[in-house]
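Residue numbers (full-length UniProt numbering), protein chains in the order written: chain A, 1 to 707; chain B, 1 to 145.
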C-alpha cells in the first residue's frame, strides 16, 4: 500500500537536497506503478492526487494517465443522493487530473467524451460545472463537435453559474471548430442582457472570440454597439449598486475592460459604430479614477480603443493626453503600458509619438529592462531625417554607459536607424565609427560589411581631395581595430559570426593599408597579430593580406584597388573579397590552387579597367596558381558599344608555367562620345587548366562620367 | 488575448502550483520554461515594472510576501488588468485559507486548483467576485469535513 498524500508532501519537504527529493519521488512513483498494475481501485482517488503533486514538482507522470481515465470512467454510475457531494469531490479530482496530467495524448481524450456527456446532463449543478470547466480547458475538435449541443443548451440554463461556464466553454468549442459559429452567435448576444456580471463577462468574451474566429461576424455584431455602449455607461460611477464586483471603487473593471476591447473590434474601420461609441469612450476616458491600478487598466484599454477606431480628433487628443499622463507616472507598470500603446499607435498617428519624444528617449535609459525594451521599440517609429542627429547622439551617449546585456540590442537599433535615416554619408560614417568604438563586439556582420565597403569608397574620395583624409583614415583604422580587438580571439559564443565579421574587417583593413601608406605599419602589426588567430578563416586571411602587402607593390595595389564609386559600397565589398580567394592560391601554394583561379579572373579584369580610368594602358594581372598545373591557351576577347573604339594588343604570353609568373595584355579604349554615353565593356576570358577549358564572361560598366 | 499559464512560485524558485491553458508542454519543456521565467522574475527589484518578456509570452508577475504569482499572457492582453486579476486571485485564496501561505497551497493543491478553475477557464476570466467564486468550493468542502 502507498502512503498518504500528506505524508508524501512531508517526505518531499524533509528532503535536504535535490537528489534526496528525486529519490523520494522515484520510490513513490514505483509504488504507484505497482498499485496501478494491481488494479487497486480503493486508493485510486488518493493516487491520482499524488500524481498531481508529483507532476507539479516537475517529474514524469505519464504512467498515471490511464489511471486518471479509469477514475473518470468509474464515476459514470448514478450515485445515491446521500453521497452526491463525495461523488462531486471524486469528479473534481478526476477532471483536475484530466486537465493537468493528460498533456500529450490527445487521442485518449476521446475515452472521456462519454463521461463528460453524462455529467453535462447530470442534475447536480456542481458536476455540470466541473464537466464544463474540463471541457472548456481541454476539448479537442472532435469532442467539440460531439458535445456542442449540450454546451448550447447549457448556455440557456436558468442557472447563471452554468450559463457563464457554458459561454466560455463555447468559446473553446469555436476555437476548435470555427464553422459551428452560427448557433452560438445569437445566444452570445442574448447574454448581454443578463443581470449577472459573470455571465455578461463570459458573453462579451465569447463575442470577442467569435470576432477573431470569423471577421464576417463583426458586421453581424455591429448593431449591438449602442447596447454595449449603454452597458458600459451603466458601469461608470454607479457605486450605488452591484457592489459585489467592485474593485477599488470601480464597478467591475474586468467587464469594463472586456467591453472596451469588444467595442474596439466592432468600431475598427467603421465610422458609424465608432460614432455611436464616441460619447461613452469620452466618458470613460475623462471620468475614470486614475489613482489605482484598476482605473488605469480601464484607461489603458480605453485609450487603445479610441486610437484604433475611427474617432474624431477631439477624442484622440484626449487619448494622447492620457498617454502623456501615463508616461509621466511614477509607477513603472503604467509607464510601460504607455510606451507599449504609443508603439501601437505610432503608425496611425506619428504626431502623438513625436509629442512625447523627450520622455521616450529618457525611457531608453531606464534602469528597468522591460521599459527600455518597450522604449526602444518606440524609438524606431520616432526617428526621421529631421531628428536623427539629435536622437542618435543621445542614443550613442547612452550606448557608452548602458549595461552590457543591453548593448547588442541598442547597437543593432542604432545601426539600423543610422543606416536608414542618415542625412549624409560623412555623418553616417562618423556615427557608425562611434557605434563600433562603443560596442564593436555586438555589431552584426551585415552592418560591418556595409560599413567597410562604404568606408572604402569614402576614404578614396577623401584621398583625392581633402586635407582631412589622413585624420579620418586614422579614425577608420581605429574603428576597424576596435572591431577586431573587441571580438578578440577565443570567444566561442557566436564564434561563426565573429569569424565572418573579423574576416570582412581584415579585408577592409588590408584595403586601407594599401590606400594609405602611412597606416601600413599599423595595419601590418594587426595582420601579424591575427595571423595567429585560432579561426582558420581569419588566420588565412591575415596571412594572405600580410603576404600580399609584402609582395611587390603592384600586386597588392591592383588586387585591392577600389572599384568606381558608382557601383556602391556593397559591390566594392563583394569584388574586393574575390581577389582574396585568388591570393589564397598564390599564398598557400597548395592543393587549393585551382579553386581560386576562376574567381581571380574578374578581379584581373577589374584591375585592367581601373588602369583605364587613369587613361593609361592597362595591365591585366593574373596571380599565378602555385603548384597547380600550368595555365595554357589564354585568350581574351573584348567588346565595346559602337560609339567606342577598341584596340587589343597581343598578350605577353598564352600560358603561365608556375608561381610568380605574370601575364599581361593591353586594351586601348577610346570613347568617341564622352560625357553623353556611358562606356561599357564586355570581356570574355578563356584558358585551359588541367587540360580542361575554362571560360568566363563579365560585363563592366559604371565608369566615372566623362570617360 | 488569453492567459497562457498561471504559476505560483516561492522565493526559492520552487513551483507550488502550475496551470497551463494551452500548448500542453512535455515535462521537461515545462520545467525548463518555469525555471527560465522564474529566474528572470525573481531577480527584479520592487521598483521595476511587473512585466517581463519571455519568448513570445509576456509574463505579468506580482509578489506577495514569499510567494510569486506569475501569469503568462499573449501580446494582446491588458497587463494592468492581469495585475488586478492576480490580486483578485490572491484575495480569494486569502479569504478561503484565511491568511493564505505557501503551506496552505501545498497541502490543499486540489482546492487551490479548484478555486483557480472557478476564476479562470480556457485562459479567460470567469468570475472575479469572491463570494461567487467560493460558493461552490464551500459546498464541496463541506463533504470532506
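Quick reminder that beta carbons are idealized off the backbone N, C-alpha and C, glycines included.
In terms of alpha-carbon separation, which member of the options lies closest to residue i?
| i | options | result |
| --- | --- | --- |
| residue 323 (chain A) | A:71, A:310, A:309, A:290 | A:290 |
| residue 94 (chain A) | A:84, A:69, A:117 | A:69 |
| residue 252 (chain A) | A:294, A:308, A:343, A:124 | A:294 |
| residue 36 (chain A) | A:13, A:18, A:61 | A:61 |
| residue 642 (chain A) | A:635, A:667, A:671, A:30 | A:671 |
| residue 370 (chain A) | B:31, B:11, B:44 | B:44 |
| residue 684 (chain A) | A:637, A:692, A:214 | A:637 |
| residue 550 (chain A) | A:524, A:416, A:530 | A:524 |
| residue 325 (chain A) | A:355, A:305, A:347, A:84 | A:355 |
| residue 87 (chain A) | A:56, A:99, A:125 | A:125 |
| residue 157 (chain A) | A:110, A:178, A:121, A:351 | A:121 |
| residue 374 (chain A) | A:340, A:41, A:28, A:526 | A:340 |
| residue 128 (chain B) | A:256, A:58, A:210, A:45 | A:256 |
| residue 390 (chain A) | A:688, A:23, A:423 | A:423 |
| residue 648 (chain A) | A:668, A:430, A:138, A:408 | A:668 |
| residue 221 (chain A) | A:250, A:195, A:181 | A:181 |
| residue 4 (chain A) | A:42, A:16, A:435, A:38 | A:42 |
| residue 173 (chain A) | A:143, A:634, A:698 | A:143 |
| residue 301 (chain A) | A:24, A:665, A:330, A:345 | A:345 |
| residue 108 (chain A) | A:258, A:66, A:308, A:132 | A:66 |
| residue 171 (chain A) | A:148, A:159, A:190 | A:148 |
| residue 175 (chain A) | A:187, A:210, A:186, A:204 | A:210 |
| residue 212 (chain A) | A:179, A:225, A:229, A:224 | A:179 |
| residue 72 (chain A) | A:328, A:311, A:116 | A:116 |
| residue 677 (chain A) | A:693, A:688, A:653, A:702 | A:702 |
| residue 777 (chain A) | B:136, B:140, B:122, B:126 | Here chain A covers residues 1 to 707 and nothing more, so residue 777 (chain A) does not appear. |
Applying the criterion that 16 or more other CB atoms from any shown protein chain within 10 Å of the CB defines a buried residue, is residue i buried or exposed?
| i | result |
| --- | --- |
| residue 219 (chain A) | exposed |
| residue 382 (chain A) | buried |
| residue 313 (chain A) | exposed |
| residue 129 (chain A) | buried |
| residue 19 (chain A) | exposed |
| residue 61 (chain B) | buried |
| residue 695 (chain A) | exposed |
| residue 119 (chain A) | buried |
| residue 115 (chain B) | buried |
| residue 63 (chain A) | exposed |
| residue 532 (chain A) | exposed |
| residue 16 (chain A) | exposed |
| residue 113 (chain B) | buried |
| residue 75 (chain A) | buried |
| residue 665 (chain A) | buried |
| residue 33 (chain A) | exposed |
| residue 330 (chain A) | exposed |
| residue 58 (chain B) | buried |
What does DSSP give as the partner residues of residue i in its beta bridges?
| i | result |
| --- | --- |
| residue 359 (chain A) | Looking at the DSSP assignment, residue 359 (chain A) forms no beta bridge with any residue, so it has no partner. |
| residue 13 (chain A) | DSSP, once it has assigned bridges, lists no residue as partnering residue 13 (chain A). |
| residue 121 (chain B) | B:124 |
| residue 637 (chain A) | A:684 |
| residue 700 (chain A) | A:681 |
| residue 758 (chain A) | Here chain A covers residues 1 to 707 and nothing more, so residue 758 (chain A) does not appear. |
| residue 133 (chain B) | None; residue 133 (chain B) has no bridge partner. |
| residue 7 (chain B) | B:18, B:70 |
Can a CB atom of chain D be found closer than 7 Å to the CB of residue i?
| i | result |
| --- | --- |
| residue 368 (chain A) | No chain D appears in this structure, whose protein chains are A and B. |
With a threshold of 8 Å, are at least 3 pairs of Cβ atoms found where one atom belongs to the region 198-213 of chain A and the other to the region 163-177 of chain A? The region 198-213 of chain A vs the region 163-177 of chain A: in contact.
Extract the residue ranges of the alpha helix (DSSP H) inside the region 189-271 of chain A, only unbroken runs of 4 or more that lie entirely within it. Counting only runs of at least 4 residues, the region 189-271 of chain A fully encloses the following alpha helix (DSSP H) elements, listed from N- to C-terminal order: 197-213, 216-221, 225-235, 253-267.
Alpha helix (DSSP H) runs contained entirely in the region 150-191 of chain A, provided each spans 4 or more residues: The region 150-191 of chain A contains these whole alpha helix (DSSP H) runs: 160-176, 181-191.
Counting Cβ pairs, one atom from each stretch, are 3 or more of them under 8 Å apart for the region 30-41 of chain B and the region 90-106 of chain B? Segments in contact, no.
Contact the region 17-29 of chain B vs the region 45-54 of chain B: 3+ CB pairs below 8 Å: Because the criterion of three Cβ pairs below 8 Å is not met, the region 17-29 of chain B and the region 45-54 of chain B do not touch.
Quick one: which unbroken beta strand (DSSP E) runs of 3-plus residues sit fully inside the region 16-92 of chain B? Chain order, please. DSSP runs (the beta strand (DSSP E)) wholly in the region 16-92 of chain B: 51-54, 57-64, 67-73.
Under 8 Å: do the region 51-59 of chain B and the region 218-233 of chain A share three or more Cβ pairs, one atom per stretch? With fewer than three CB-CB distances shorter than 8 Å, the region 51-59 of chain B does not count as touching the region 218-233 of chain A.
Counting Cβ pairs, one atom from each stretch, are 3 or more of them under 8 Å apart for the region 94-112 of chain B and the region 73-86 of chain B? Because the criterion of three Cβ pairs below 8 Å is not met, the region 94-112 of chain B and the region 73-86 of chain B do not touch.
Report yes or no: do three or more beta-carbon pairs, one from the region 6-20 of chain B and one from the region 30-47 of chain A, lie closer than 8 Å? In short, these stretches do not touch, since the Cβ pair count stays below three.
Scan the region 270-322 of chain A and note each continuous beta strand (DSSP E) run of 3 residues or more that stays entirely inside, going in chain order. Listed in chain order, nothing qualifies, since the region 270-322 of chain A has no complete beta strand (DSSP E) run of 3 or more residues.
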